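Numbering (the numbering used here), first residue to last: 54 to 696.
The C-beta atom is built at its ideal place from N, Cα and C for all residues, glycine as well.
Everything numeric in this text was worked out from a predicted model, so none of it was measured.
Data first, discussion second: the structure below is written as structure tokens.
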């Protein structure tokens, strides 16, 4: 056992983040901590690291065990170089080497035989230094920094010259070099580009200690996590002894069982309440009515976990139809000072495409995105949008641009037309702002909540060309899935940058790899892109093995098959939309029946109560059946889109 949390609890004011957290961390464990934004995931990591005390419970750490936490708050004003800061993780080796040099000096000053005690101390120190790979420590520092994207020149630059994302990489480098027994990582892939994420994952694969990681990167969770710790946002902590996909399946099954149990409980309570309301004022039945009233008070209500993906999805209104060519860049030149980013770039985006830009940081992805959005000027060349194209651009700075004096609802209303106002609450509800959440001021929102507000504004009345810069960067898993479901069925055109491989797989129809000064297109999603790269590397390694060339008939058949697949997807989408409309109608009818039952006049008429109860039961069964059909259609759509 390397670390144990025993009955750990934490609250802020009158809100319980979590209570009775019980988990034991063993060597080789890979535990993913998941849950909605604000559920307390970062707080739990800080308690596990010994930085923050729990309100209740204990944290057990065996003597000699070392815990390393990836910090999120870093001082950007420091003048140390990247290399010297990263090397502090191996300061114990520098101390050991200094001890060896001192012992060597003492030995050199002795004219005769070296005392056994002095020789023994030197042997111990040199053996420890060698076993810790002390002679290779400079090479280790360079290798880790290079893997995290710092070239030789960048390693000698001061920390104050880097953005927060790059400073996070320095902190990650220190953790990887220190090799603690337990690694505590809070969103480690947030500021890494895709090539660096792949390098980082290869390092983690060989890490022998234990790992606790907070992440919304589903691809990362699927590859590296063997147990899931869930904080549900309502104080409950659940540990699943499964990998990520098995956790999702078990969680869904538990929710179905909870809903069924709660439905039975609600029927039982309604039956008891009906008896009490009918007979509490009749002398012959008053005692029984009081008994049933006490029975109602003793019932402990079954809490049902909120499943944000159940029910009608986020609908993006269909935008105006654009011309076939949405965006054309021809012989584009762009430079920043002496840094030439593009010299003669050609790029074209067609209606209905969903194009993901991938590649290392600094290669020009953000520049290409801004050029595509018209957010920056080009030095020369042609940037041309097609017929009837309207462009909307989502960038991270828009989170800071939100007016903090507004509430969530006011922020959206400021962008809405008169016709939009009727659906503002349902639009926000689809992005996980329910009930009183819409009245929260922007100033108190987390980064993830601000991102959802900014996206809600963008998608309320979308343009037919959406240009998105890291739209999932601050979103939790549920919000990511809601957004990708909406964008996958968006009728317009998308150009986006994302480091979330699951997100790219869900919506991309083309991947454009951006390398310094050049781009290359790959049809399909991220997995398709990876397969083509692997096949290309195999062919390059074995020139005698050529790739088969498709015949004209095969190409025609492939295009026809793709058209049929798209038709099938559209049919399922129409069915799904019709299903959602019917669900809304039946749920509204259930609400109206509940209001009728709450009417005292109705309760005094037993026959009318029985009729309404029968109607409500029939309607509830219909609603449950509609939800089952909706889930089957949603699964069919997901399968069709990913096939």
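With distances taken from CA atoms, which of the options is nearest residue i?
| i | options | result |
| --- | --- | --- |
| residue 553 | 274, 190 and 118 | 274 |
| residue 576 | 445, 409, 657 and 501 | 409 |
| residue 270 | 666, 632, 565 and 528 | 528 |
| residue 72 | 624, 658, 437 and 286 | 286 |
| residue 387 | 369, 419 and 373 | 419 |
| residue 443 | 515, 421, 483 and 411 | 515 |
| residue 448 | 290, 132, 226 and 508 | 508 |
| residue 190 | 229, 572, 370 and 558 | 229 |
| residue 539 | 352, 139, 243 and 366 | 366 |
| residue 277 | 630, 283, 588 and 260 | 260 |
| residue 428 | 268, 522, 82 and 95 | 522 |
| residue 384 | 641, 588, 79 and 435 | 435 |
| residue 378 | 401, 166 and 368 | 401 |
| residue 94 | 70, 108, 135 and 485 | 70 |
| residue 501 | 670, 531 and 476 | 531 |
| residue 335 | 657, 264 and 679 | 657 |
| residue 556 | 572, 535, 568 and 123 | 535 |
| residue 323 | 678, 393 and 665 | 665 |
| residue 453 | 622, 504, 463 and 437 | 504 |
| residue 348 | 369, 326, 332 and 331 | 326 |
| residue 121 | 233, 131, 315 and 82 | 233 |
| residue 97 | 282, 446, 168 and 142 | 282 |
| residue 68 | 86, 108 and 432 | 108 |
If I follow the unbroken beta strand (DSSP E) through residue i, where does it start and stop?
| i | result |
| --- | --- |
| residue 483 | Where residue 483 is concerned, there is no enclosing beta strand (DSSP E), although the alpha helix (DSSP H) it sits in stretches over 477-483. |
| residue 574 | 571-576 |
| residue 568 | 563-568 |
| residue 320 | Residue 320 -> not in any beta strand (DSSP E); alpha helix (DSSP H) instead, spanning 297-332. |
| residue 256 | Here residue 256 belongs to no beta strand (DSSP E); instead the alpha helix (DSSP H) covers 247-258. |
| residue 397 | 392-403 |
| residue 387 | 378-389 |
Hey, how far is the Cα of residue i from the Cα of residue j?
| i | j | result |
| --- | --- | --- |
| residue 546 | residue 518 | 5 Å |
| residue 354 | residue 488 | 21 Å |
| residue 491 | residue 566 | 39 Å |
| residue 686 | residue 637 | 16 Å |
| residue 220 | residue 103 | 23 Å |
| residue 111 | residue 61 | 6 Å |
| residue 178 | residue 225 | 28 Å |
| residue 414 | residue 249 | 9 Å |
| residue 74 | residue 64 | 13 Å |
| residue 635 | residue 373 | 26 Å |
| residue 58 | residue 100 | 9 Å |
| residue 195 | residue 136 | 8 Å |
| residue 661 | residue 655 | 6 Å |
| residue 392 | residue 213 | 21 Å |
| residue 690 | residue 541 | 10 Å |
| residue 51 | residue 569 | The structure shown has nothing for residue 51, since the chain only spans 54 to 696. |
| residue 301 | residue 280 | 12 Å |
| residue 412 | residue 170 | 57 Å |
| residue 148 | residue 114 | 26 Å |
| residue 706 | residue 693 | Residue 706 lies beyond the residue range present for the chain, which begins at 54 and ends at 696; the question has no answer from this structure. |
| residue 677 | residue 307 | 17 Å |
| residue 478 | residue 543 | 21 Å |
| residue 506 | residue 117 | 46 Å |
| residue 520 | residue 289 | 38 Å |
Tell me which residue opens and which closes the alpha helix (DSSP H) that residue i is part of.
| i | result |
| --- | --- |
| residue 558 | 554-560 |
| residue 276 | 271-277 |
| residue 433 | Run containing residue 433: none in the alpha helix (DSSP H); it sits in the beta strand (DSSP E), 433-438. |
| residue 350 | 339-351 |
| residue 411 | Run containing residue 411: none in the alpha helix (DSSP H); it sits in the beta strand (DSSP E), 407-411. |
| residue 450 | 450-453 |
| residue 280 | No alpha helix (DSSP H) contains residue 280, which is instead part of the beta strand (DSSP E) from 280-284. |
Around the Cβ of residue i, are there at least 16 other Cβ atoms within 10 angstroms (buried) or fewer (exposed)?
| i | result |
| --- | --- |
| residue 599 | Here the model assigns residue 599 a pLDDT of 46, short of 50, so the residue's position is not dependable and the matter cannot be decided. |
| residue 470 | exposed |
| residue 620 | exposed |
| residue 352 | exposed |
| residue 441 | exposed |
| residue 55 | buried |
| residue 239 | buried |
| residue 389 | exposed |
| residue 524 | buried |
| residue 340 | exposed |
| residue 533 | buried |
Check whether the Cβ of residue i lies closer than 8 Å to any heavy atom of the ligand SAM, and answer yes or no.
| i | result |
| --- | --- |
| residue 133 | The ligand content of the structure shown is nil, which means the ligand SAM is not present either. |
Output yes if chain D places a C-beta closer than 9 Å to the C-beta of residue i; else output no.
| i | result |
| --- | --- |
| residue 234 | No chain D is part of this structure, which consists of one protein chain only. |
Checklist entry - Quick one: complete alpha helix (DSSP H) runs, 4+ long, within the stretch 63-130? => result 94-101
Item to check | Segments assigned alpha helix (DSSP H), at least 4 residues, entirely inside the stretch 140-216 | outcome: 144-162, 169-184, 190-200 and 205-208
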